[in-house]
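Inspection log for the structure reproduced underneath, given as structure tokens.
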Amino acid sequence: MAIRWGNYYPTPFYDELIRVRNKPRDAALELCEYLKNLSEKEINEFKTASTTAIQVMGITFTVYSEEEGSIDRAWPFDIIPRIIPKKEWDQIEKGLKQRVKALNMFINDLYNEQNVLKDQILPESLLEHSKNYLPECRGITPPHGIWAHICGSDLVRDENGTVYVLEDNLRVPSGVSYMLENRHVMKRVFPDMFEKYNILPIDNYPSQLYDMLSQMSPRKVHQPEIVVLTPGIYNSAYFEHAYLAQQMGAELVVGSDLVVDEDDIVHMRTVEGLARVDVIYRRIDDAFLDPEAFKEDSMLGVPGLMRAWKAGNVALVNAPGAGVADDKVVYAFVPDLIRYYLNEEPLIPNVPTYKCVNKEERDHVIDNIDKMVVKPANESGGYGMLIGPHASKAEREKFIRLIRRDPRNYVAQPMLLLSTAPTLIDTKVEPRHLDLRPFILSGMTTSVTMGGLTRVAMRKGSTVVNSSQGGGSKDTWIVDMEDK
Amino acid sequence: MLSRVANHIYWLARYLERAENTARLIQVNTHLLLDLPRDVTLGWEPIVDMLSFRETFYEHYDTADEKNVIKFVVTDQLNSGSIINCLANAKENARIIREIIPSEAWELINQLYATAKEDSQSVLTRRHRFECLDKIVSGNQTITGLMGGTMNRDVGYSFLRLGRHLERADMTTRIIDVRSASLLPNVSGKLTAFENIQWMSVLKSLTAYQMYRQEMRLRISRADILEFLLKRDIFPRSISHSVKQLGKCAGELPKSQAFKKKVAEMSGELTKLDTRDLKQEKLHAVIDDLQAALIKIHNTIDETYF
Numbered sequence: 001m002a003i004r005w006g007n008y009y010p011t012p013f014y015d016e017l018i019r020v021r022n023k024p025r026d027a028a029l030e031l032c033e034y035l036k037n038l039s040e041k042e043i044n045e046f047k048t049a050s051t052t053a054i055q056v057m058g059i060t061f062t063v064y065s066e067e068e069g070s071i072d073r074a075w076p077f078d079i080i081p082r083i084i085p086k087k088e089w090d091q092i093e094k095g096l097k098q099r100v101k102a103l104n105m106f107i108n109d110l111y112n113e114q115n116v117l118k119d120q121i122l123p124e125s126l127l128e129h130s131k132n133y134l135p136e137c138r139g140i141t142p143p144h145g146i147w148a149h150i151c152g153s154d155l156v157r158d159e160n161g162t163v164y165v166l167e168d169n170l171r172v173p174s175g176v177s178y179m180l181e182n183r184h185v186m187k188r189v190f191p192d193m194f195e196k197y198n199i200l201p202i203d204n205y206p207s208q209l210y211d212m213l214s215q216m217s218p219r220k221v222h223q224p225e226i227v228v229l230t231p232g233i234y235n236s237a238y239f240e241h242a243y244l245a246q247q248m249g250a251e252l253v254v255g256s257d258l259v260v261d262e263d264d265i266v267h268m269r270t271v272e273g274l275a276r277v278d279v280i281y282r283r284i285d286d287a288f289l290d291p292e293a294f295k296e297d298s299m300l301g302v303p304g305l306m307r308a309w310k311a312g313n314v315a316l317v318n319a320p321g322a323g324v325a326d327d328k329v330v331y332a333f334v335p336d337l338i339r340y341y342l343n344e345e346p347l348i349p350n351v352p353t354y355k356c357v358n359k360e361e362r363d364h365v366i367d368n369i370d371k372m373v374v375k376p377a378n379e380s381g382g383y384g385m386l387i388g389p390h391a392s393k394a395e396r397e398k399f400i401r402l403i404r405r406d407p408r409n410y411v412a413q414p415m416l417l418l419s420t421a422p423t424l425i426d427t428k429v430e431p432r433h434l435d436l437r438p439f440i441l442s443g444m445t446t447s448v449t450m451g452g453l454t455r456v457a458m459r460k461g462s463t464v465v466n467s468s469q470g471g472g473s474k475d476t477w478i479v480d481m482e483d484k
Numbered sequence: 001m002l003s004r005v006a007n008h009i010y011w012l013a014r015y016l017e018r019a020e021n022t023a024r025l026i027q028v029n030t031h032l033l034l035d036l037p038r039d040v041t042l043g044w045e046p047i048v049d050m051l052s053f054r055e056t057f058y059e060h061y062d063t064a065d066e067k068n069v070i071k072f073v074v075t076d077q078l079n080s081g082s083i084i085n086c087l088a089n090a091k092e093n094a095r096i097i098r099e100i101i102p103s104e105a106w107e108l109i110n111q112l113y114a115t116a117k118e119d120s121q122s123v124l125t126r127r128h129r130f131e132c133l134d135k136i137v138s139g140n141q142t143i144t145g146l147m148g149g150t151m152n153r154d155v156g157y158s159f160l161r162l163g164r165h166l167e168r169a170d171m172t173t174r175i176i177d178v179r180s181a182s183l184l185p186n187v188s189g190k191l192t193a194f195e196n197i198q199w200m201s202v203l204k205s206l207t208a209y210q211m212y213r214q215e216m217r218l219r220i221s222r223a224d225i226l227e228f229l230l231k232r233d234i235f236p237r238s239i240s241h242s243v244k245q246l247g248k249c250a251g252e253l254p255k256s257q258a259f260k261k262k263v264a265e266m267s268g269e270l271t272k273l274d275t276r277d278l279k280q281e282k283l284h285a286v287i288d289d290l291q292a293a294l295i296k297i298h299n300t301i302d303e304t305y306f
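Sequence lines, in order, name chains A and B.
Under the numbering used here, the first sequence has 44 at position 44, and the numbering climbs by one with no breaks.
Under the numbering used here, the second sequence has 282 at position 282, and the numbering climbs by one with no breaks.
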């Protein structure tokens, strides 16, 4: 027997499956028992089967390297699932809905009355320096007041088991296709595990997405024309764009497929001629959306798209300018925003965050930089971060200079001891750090994925889970333990 | 359907068909050479000509021997028309439209490319060549079958068949042209055993041997083979069959007047053709005309839809 739980030491971290050495958590009992009885040969067979499934299904992400240009890498996947009991998940789900509701109200307020500034909940100076605030959006209220229709919030757990929101992704959050495909891979290679648990299904995401998108159509027609706008095959998330379009039966378009006419109507070029488009699920950043309005040299966008959107002739999902709320400095204010807009206490806490723009907090960060994770306000994908405890002296000093030069652009958080889960390394299990990205859809109703995408830092001790930096993933099971 | 998507479907089909036909060609040449007497130096150069690679080939290689030609035609990255590049292009096109084609088809195309890449060393050895190339032929057959069995019969499917049949017709003209030109010219009536084998190889390049026998029930003769490959639409790799399919596709597509007209012109040319009267030079001229007609059809499709 290859997996011996007696040799697995979860401490000092919170482990998702193992409570203390040799003692699985209740929800993981069956799974651990099952894994324990696998021979090394069986484990290798499972690993091969999952790798083959991933290759055959073409689940890839694109990485850029100078030598090879853009290459497709198979999605790194660990076959041991992460389990969360439904009872716990129900609370998280409520907290996420609450959070996204407040965020949407905040964005709409910011582009209209700006009460949040007048009431001094948020300092006005933050807005002036926000890269993602778009003055072009002032005075606009999109249908149902929703700006961030699709939100991916990253959750982490500390050593005490408390779940925090680490960040919100409100621009073009990605990863949901990997969540769906991970489940498919698990069903292909591990069907017998599904008999032991009541695992809640996640398959309905594409149809929920479709329903939400069609609710946004400005034309009240039976079947609105919905398209997914992708930057193209060299984008790291292209697999996902194509996947979602396919699952929804929507057209996958690139900028050059679309054209905006003098009446500010968006059309796509088809073999029969031009066809009107109602809803664009865009996976292109704001700056590249429309060369008329933003970057003039953008080859990815559609000239006139902002005109059409402002005229209310087309829905853009997420709305341009929604990113103003996923700024890492705004993040620090989210608990206040929840209290302000909803008059409720936040159900999921924020990770304590120091805003370098504030002198006292900045000094604290600089004094304790070896214990801090420093993040630029507007980067994603784990780029441009400093992980204090692991960084060299030179790197720390470089970040101190960066913070002093542009304090608005940096926040810092104490290094969290992220939770771990047993992960197969060769044929042995070792603890690896992970996080969780659920996706929240906001339309006429709000829905949250059952679980989300669990990302794992495959390198020992590492907490960087981004796939572009050596991260992998696991299937995430929300299991109903009451219903056994 | 988006114009860009139609364009990708069309090229996906063309690249797959090209890879398959190229693999067939090499299979048959390999077998043919084993059957020929040692002093006959038919060799591998005709393959290079057949695929219009002469110029590029001699930029990179000195002699058209077996090793060089196989490498160049099958695995060479420098040759844009090599099988591996055709499959890579097919895969790229498929990747861009993976939400349109059945996901199983994408998986198969992806796998076919991966397999061909894995085999890129072993395909160079005579011992493994048959097996490797056979995987490519049967791989495309499987993909074709799967798409036929699962795709909606919408315009996308029409563009797929358009690409396939245009490419197939083009490859068939190439095979007839060069293979027949390298034969002893202008012999009618009885053929020697050696010539017989060569004509059989023309048929076999197109998997036409068995079907020819069933349909023509004759001894191998140049005029009959040409009749069969050019004019009998009963055979799915004949020019006439492909042209007929192009006409059908035109009927399924919007805005197809110009396209239909070009197909009708080509069809008319084929009908007029008397295969008994095709001496080598005339055959070559006819083939040129057919290829020109195919190019015109392609250009019309390109202008109308893409």
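The beta-carbon is built from N, C-alpha and C at its ideal position, and this holds for glycine as well.
Where residue i falls, given that 16 or more other Cβ within 10 Å makes a residue buried
i                 : result
Ala292 of chain B : exposed
Arg161 of chain B : buried
Asp290 of chain A : buried
Asp154 of chain B : exposed
Met444 of chain A : exposed
Pro352 of chain A : exposed
Val266 of chain A : buried
Arg307 of chain A : buried
Tyr383 of chain A : exposed
Tyr243 of chain A : buried
Glu93 of chain A  : buried
Arg509 of chain A : Since the first residue shown for chain A is 1 and the last is 484, residue 509 of chain A is missing from the structure and cannot be characterised.
Val314 of chain A : buried
Nonlocal neighbours in the same chain, by C-beta distance under 8 Å from residue i, ignoring five residues either side
i                 : result
Lys97 of chain A  : Ile440, Thr446, Val448
Thr144 of chain B : Leu16, Arg164
Pro173 of chain A : Ile150, Cys151, Gly152, Arg437, Phe439
Leu46 of chain A  : The sequence given here places Phe at residue 46 of chain A; Leu does not occur at that position. Within the same chain, Phe46 of chain A has close Cβ partners Leu38, Ile79, Val189, Phe190.
Asp505 of chain A : Nothing can be reported for residue 505 of chain A: it is not among the residues displayed for chain A, which extend from 1 to 484.
Phe259 of chain B : Ala250, Leu253, Ile297, Thr300, Ile301, Thr304
Among the options, the one whose alpha carbon lies nearest that of residue i
i                 : options                                : result
Pro303 of chain A : A:Leu337, A:Phe106, A:Met268, A:Gly273 : A:Met268
Trp11 of chain B  : B:Asp119, B:Leu87, B:Val202            : B:Leu87
Val74 of chain B  : B:Asp35, B:Ile239, B:Ser120            : B:Ser120
Ile369 of chain A : A:Arg396, A:Asn104, A:Arg455           : A:Arg396
Asp261 of chain A : A:Ala250, A:Glu251, A:Leu274           : A:Leu274
Leu347 of chain A : A:Tyr8, A:Thr48, A:Trp89, A:Ala2       : A:Trp89
Val317 of chain A : A:Tyr205, A:Arg171, A:Cys356           : A:Arg171
Leu230 of chain B : B:Met147, B:Val243, B:Phe159           : B:Val243
Lys272 of chain B : B:Ser240, B:Leu133, B:Ala19            : B:Ser240
Ser207 of chain A : A:Ile199, A:Ser177, A:Ile92, A:Leu29   : A:Ser177
Ala377 of chain A : A:Gln114, A:Ser130, A:Lys101           : A:Ser130
Asp49 of chain B  : B:Ile176, B:Ala116, B:Glu167, B:His128 : B:Ile176
Cut-off 7 Å between Cβ atoms - residues of its own chain near residue i, not counting five sequence neighbours on either side
i                 : result
Pro185 of chain B : Note on Pro185 of chain B: pLDDT 43, under 50, position unreliable in the model; no value is reported.
Val187 of chain B : Reliability fails at Val187 of chain B, whose pLDDT of 47 lies under 50, so the model's placement of it is uncertain and the value that follows must be treated cautiously. For Val187 of chain B, where only same-chain residues beyond five positions count, the Cβ hits under 7 Å are Glu195.
Strand pairing of residue i, partner residues [DSSP]
i                 : result
Trp477 of chain A : A:Ile83
Phe77 of chain A  : A:Ser473
Cys151 of chain A : A:Ile440
Ile109 of chain B : None, per the DSSP bridge assignment.
Ser447 of chain A : A:Leu441
Leu424 of chain A : A:Val429
Asn350 of chain A : A:Val165
Cβ-based neighbour list, residue i, same chain, cut-off 6 Å, excluding 5 preceding and 5 following
i                 : result
Pro349 of chain A : Tyr164
Thr150 of chain B : Pro102
Thr412 of chain A : Looking at the sequence itself, residue 412 of chain A is Ala, so the reference to Thr does not match. If we look at Ala412 of chain A and ignore the five residues flanking it on each side, its Cβ neighbours are Tyr354, Val365, Met372, Val374.
Distance cut-off 7 Å: residue i Cβ against heavy atoms of the ligand GTP
i                : result
Leu31 of chain A : In terms of ligand content, the structure shown is empty, and the ligand GTP therefore cannot be addressed.
Contact list for the segment 64–78 of chain B against chain A, Cβ threshold 7 Å: none
Within 7 Å of chain B by C-beta, residues of the segment 267–297 of chain A in sequence order: Met268, Arg269, Thr270, Val271, Glu272
Within 8 Å of chain A by C-beta, residues of the segment 103–127 of chain B in sequence order: Ser103, Trp106, Glu107, Asn110, Gln111, Ala114
Residues within the segment 252–282 of chain B neighbouring chain A, beta-carbon criterion of under 8 Å: Leu253, Pro254, Lys255
Contact set between the segment 144–173 of chain B and chain A, restricted to residues whose Cβ is under 9 Å from the partner: Val155, Phe159
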